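Working notes for the structure below.
Residue numbers (full-length UniProt numbering): 1 to 367.
Okay, structure coming up:
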């Protein structure tokens, strides 16, 4: 149906705001101009839709805590704290600029719905009684906010935290009721192939390092070489080391398992590998929990690599916030501590230093 004069005024205000917000209009930028034209036509020709009225105002408060967590993947208390911090941030617009402004609560809940499910933008808009354009804007603001606090939430542990991690990892492997894990483990390292995600976690499955590289299947060692951890690992792991699967190179601060081969195989190597596997499986459990909680990661259907990076990082930030709050999900899959979590073979041509071999042998023989 045709737009009224009042609607045209509102439309022009919206276009002006679009130009201010995105600062993307340049002379000759045909893509942006076409996008604005499509928005104008959609607004002029739009039909009223029947959406769910007052979902956030009436339905959400009626949820019991279990229902709330199933819907938004966080407990009510954790979500409330997140809403409060988001509302204080610069990512929540102040003032309506002539339009009805989404509340901080509705904005955050839209973002959580997007990250926690595979629901379409259309369905999210219908559920929250807003336009699809508003859903896009809300998700973008939530992602930007979460990325802005990512350094705080995924920071490398300090001295006290490292000491706690070492004790916790050592206790994961026992023989005859006695703690017999690898000593001085700061955390396990592993990679995911779809977005070249490199990550380290502590014994509580909180990510302490997240690096998201390039798309496609890339060898784990190559992903590591591109991350800051490769440059700073020796300094960060002073007095300890990380453990990784067989795909990683052996370095003084990063110990993969032994390869069982020939006459050089010793019983203490097998003991080392058993403890190594038991402790390394923690990172697999953390990643499994991340994907279980935030199901958008199962299939990230976006147009660009930067969008994928933002979604993965935002999910990791939320995972850490929830983990630190002991906010577990009820549909979490149990971790098989005896599972074989070995990955690829080492990259061909990898050079191993004598010092790295000595460090691993010393640890293994002392078990």
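Built from N, CA and C at the ideal position, the CB exists for glycine as well.
Everything numeric in this text was worked out from a predicted model, so none of it was measured.
request  = Measure how close the beta-carbons of residue 251 and residue 258 come, nearest whole angstrom, since I'm counting them as under 8 Å.
outcome  = Taking the chain shown and counting its residues from 1, the one referred to as residue 251 is at position 251. Taking the chain shown and counting its residues from 1, the one referred to as residue 258 is at position 258. So it is not a contact: roughly 15 Å between Cβ atoms.
ask   = What residue from 131, 126, 64 and 231 has the CA that sits closest to residue 51's CA?
value = Counted from its first residue, the chain shown places residue 51 at position 51. It is 126.
request  = May I have the straight-line CA-CA distance separating residue 88 from residue 105, to the nearest angstrom?
outcome  = What you label residue 88 is simply residue 88 of the chain shown in a count that begins at 1. What you label residue 105 is simply residue 105 of the chain shown in a count that begins at 1. Using only the alpha carbons, I get a separation of about 12 Å.
request  = Excluding the 5 residues preceding and the 5 following residue 53 in the sequence, name in chain order all residues of the same chain whose CB lies nearer than 7 Å to its CB.
outcome  = Residue 53 sits at position 53 when you count from the first residue of the chain shown. So the qualifying residues of the chain are 129.
task = Determine the closest residue to residue 203 out of 133, 118, 286 and 327, with distance taken between C-alpha atoms.
result = Position 203 of the chain shown holds residue 203. Considering only alpha carbons, the answer is 286.
message = If you reduce the DSSP assignment to three classes, tell me which class residue 28 lands in.
response = One-based indexing of the chain shown puts residue 28 at position 28. In this prediction, residue 28 has a pLDDT of 48, which is less than 50 and means its spatial position is unreliable; what the coordinates show is noted afterwards. Looking at residue 28 - three-state DSSP - the assignment turns out to be coil, as it is neither helix nor strand.
message = Counting only C-beta atoms, is residue 284 closer than 9 Å to chain D at any point?
response = The structure shown has no chain D; it contains just one protein chain.
ask   = Applying the criterion that 16 or more other CB atoms from any shown protein chain within 10 Å of the CB defines a buried residue, is residue 320 buried or exposed?
value = Numbered from its first residue, the chain shown carries residue 320 at position 320. Per the 10 Å Cβ criterion, buried.
inquiry  = For residue 273 and residue 247, what's the separation of their Cα atoms in angstroms?
reply    = In the chain shown, residue 273 corresponds to position 273, counting from 1. In the chain shown, residue 247 corresponds to position 247, counting from 1. Going by the C-alpha atoms only, they are around 14 Å apart.
key: Contacting residues, own chain, Cβ-Cβ under 6 Å from residue 117 (five flanking each side not counted)   = Counting from one through the chain shown, the residue named residue 117 turns up at place 117. Hits under 6 Å: 295.
inquiry  = I need the boundaries of the beta strand (DSSP E) containing residue 259, first residue and last residue.
reply    = The residue given as residue 259 occupies position 259 in the chain shown. No beta strand (DSSP E) holds residue 259; DSSP gives it neither H nor E.
message = On the CB-based measure, 16 or more other CB atoms within 10 Å of its CB, does residue 249 come out buried or exposed?
response = Within the chain shown, residue 249 is the residue found at index 249, counting from 1. Answer is buried; the Cβ neighbour count reaches 16.
ask   = For residue 199, which residues does DSSP report across the bridge?
value = If you number the chain shown from 1, residue 199 lands on position 199. 190 and 210, per the DSSP bridge assignment.
message = Suppose you measure from the CA of residue 355 to the CA of residue 143; what does that come to, to the nearest Å?
response = Along the chain shown, one-based indexing puts residue 355 at 355. Along the chain shown, one-based indexing puts residue 143 at 143. Whole-angstrom Cα-Cα distance: 43 Å.
message = Can you list, in chain order, the residues of its chain with a C-beta nearer than 6 Å to that of residue 146? Leave out the 5 residues immediately preceding and following it.
response = Along the chain shown, read from residue 1 onward, the residue named residue 146 stands at position 146. Once the five neighbours on either side are set aside, the close Cβ partners of residue 146 are 314 and 317.
Euclidean distance between Cα positions of residue 173 and residue 181 = The count along the chain shown starts at 1 and reaches residue 173 at position 173. The count along the chain shown starts at 1 and reaches residue 181 at position 181. Their backbone Cα atoms lie some 5 Å apart in a straight line.
request  = Please go through the same chain and pick out, in chain order, the residues whose beta-carbon is closer than 7 Å to the beta-carbon of residue 119, but skip the five residues on each side of it.
outcome  = Walking along the chain shown from the start, residue 119 turns up at place 119. Result list for residue 119: 113, in chain order.
query = Which residue or residues does DSSP assign as beta-bridge partners of residue 179?
reply = Reading the chain shown from its first residue, position 179 is the one you call residue 179. In DSSP, residue 179 forms a bridge with 174.
task = Mark residue 241 as exposed unless 16 or more other C-beta atoms lie within 10 angstroms of its C-beta, in which case mark it buried.
result = Walking along the chain shown from the start, residue 241 turns up at place 241. With 16 or more Cβ atoms within 10 Å of its Cβ, residue 241 is classed as buried.
query = Residue range of the alpha helix (DSSP H) that residue 241 falls in?
reply = Looking up residue 241 in the chain shown gives position 241. Here residue 241 belongs to no alpha helix (DSSP H); instead the beta strand (DSSP E) covers 241-244.
task = Give me the Cα-Cα distance between residue 224 and residue 197, rounded to the nearest whole angstrom.
result = Reading the chain shown from its first residue, position 224 is the one you call residue 224. Reading the chain shown from its first residue, position 197 is the one you call residue 197. Cα-Cα distance, rounded: 9 Å.
request  = Please state whether DSSP places residue 185 in a helix, a strand or coil.
outcome  = Counting from one through the chain shown, the residue named residue 185 turns up at place 185. Strand at residue 185.
ask   = Where does the unbroken alpha helix (DSSP H) through residue 276 begin, and where does it stop?
value = In the chain shown, residue 276 corresponds to position 276, counting from 1. Start and end: 267-293.
Residue 169 beta carbon less than 9 Å from that of residue 279 = Within the chain shown, residue 279 is the residue found at index 279, counting from 1. Within the chain shown, residue 169 is the residue found at index 169, counting from 1. Closer than 9 Å, so yes.
inquiry  = Pull the bridge partners of residue 251 from the DSSP assignment, please.
reply    = Position 251 of the chain shown, counted from the start, is the residue given in the question as residue 251. According to DSSP, which records beta bridges pairwise, residue 251 is partnered with 254.
key: Rounded distance between the beta-carbons of residue 188 and residue 282, thought under 8 Å   = For the purposes of this step, residue 282 is taken as residue 282 along the chain shown, with counting starting at 1. For the purposes of this step, residue 188 is taken as residue 188 along the chain shown, with counting starting at 1. At roughly 6 Å, the Cβ-Cβ gap stays under 8 Å, so residue 282 and residue 188 are in contact.
ask   = Under the three-state reduction of DSSP, which class applies to residue 230: helix, strand or coil?
value = Working through the chain shown from its first residue, we reach residue 230 at position 230. Here residue 230 sits in helix by DSSP.
ask   = Contact check, residue 327 vs residue 78 under 8 Å by CB: the rounded distance?
value = Position 327 of the chain shown holds residue 327. Position 78 of the chain shown holds residue 78. With 8 Å as the limit, residue 327 and residue 78 qualify as a contact, their Cβ atoms being about 5 Å apart.
message = Comparing C-alpha positions only, which one of 238, 302 and 308 sits nearest to residue 162?
response = The residue you call residue 162 lines up with position 162 of the chain shown. Among 238, 302 and 308, the Cα nearest to that of residue 162 is on 238.
message = Looking at the secondary structure, which residues open and close the alpha helix (DSSP H) in which residue 147 lies?
response = Residue 147 sits at position 147 when you count from the first residue of the chain shown. Residue 147 -> alpha helix (DSSP H) spans 132-148.
Residue 359: first and last residue of the uninterrupted alpha helix (DSSP H) it sits in = For this step, residue 359 is matched to residue 359 along the chain shown. Unbroken alpha helix (DSSP H) run through residue 359: 354-365.
query = What are the start and end residues of the alpha helix (DSSP H) that includes residue 323?
reply = In the chain shown, counting from the first residue as 1, residue 323 sits at position 323. 305-324 is the span of the alpha helix (DSSP H), which, as asked, contains residue 323.
message = Helix, strand or coil, according to DSSP, for residue 54 in the structure here?
response = Stepping through the chain shown from its first residue, residue 54 is reached at position 54. It is coil, neither helix nor strand.
message = Suppose contacts are defined by Cβ-Cβ distances below 9 Å. Is residue 322 in contact with residue 73 by that definition?
response = Counting from 1 along the chain shown, the entry for residue 322 is found at position 322. Counting from 1 along the chain shown, the entry for residue 73 is found at position 73. Yes; because the gap between Cβ atoms is below 9 Å, this pair is in contact.
ask   = Going by Cα to Cα distance, which pick from 58, 289, 100 and 110 is closest to residue 83?
value = Stepping through the chain shown from its first residue, residue 83 is reached at position 83. The shortest C-alpha separation from residue 83 is found at 110.
Closest Cα partner of residue 360 within the set 185, 292, 233 and 309 = In the chain shown, counting from the first residue as 1, residue 360 sits at position 360. Ranking 185, 292, 233 and 309 by Cα distance to residue 360 puts 185 first.
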